[in-house]
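Okay, so here's the structure we're looking at.
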Amino acid sequence: MRSENVMLSDLQDDVLYEAWNKAVEQKLDATFIAILKQEIEKRGFVPSN
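In this text, residue positions in the sequence shown follow UniProt numbering: the first is 1, and each later residue adds one.
Listed below in structure tokens is the structure:
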């Protein structure tokens with residue numbers, strides 16, 4: 001089975017936002033949440049949390 005790296009920049013906006021939202025809900029690692037939030041902000045969105 002071939003494994004490919006998926007970059008955050010490859011994710012669609014809605015998928016990225018949903019991943020960030022779930023990470024916040026589940027209280028995942030703060031660094032991971034910050035990386036997701038940074039990518040969202042680069043796209044011109046402002047997360048609510």
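Glycine is no exception: its CB is placed at the ideal position from the N, C-alpha and C atoms.
Burial of lysine 37 is indicated by the presence of at least 16 other C-beta atoms within 10 angstroms of its C-beta. Taking C-beta atoms as the reference points, valine 24 and isoleucine 35 fail to come closer than 8 Å. Around the beta carbon of glutamate 39, 16 or more other beta carbons lie within 10 angstroms, which makes this residue buried. According to the DSSP assignment, aspartate 10 belongs to no alpha helix (DSSP H), since it is labelled neither H nor E.
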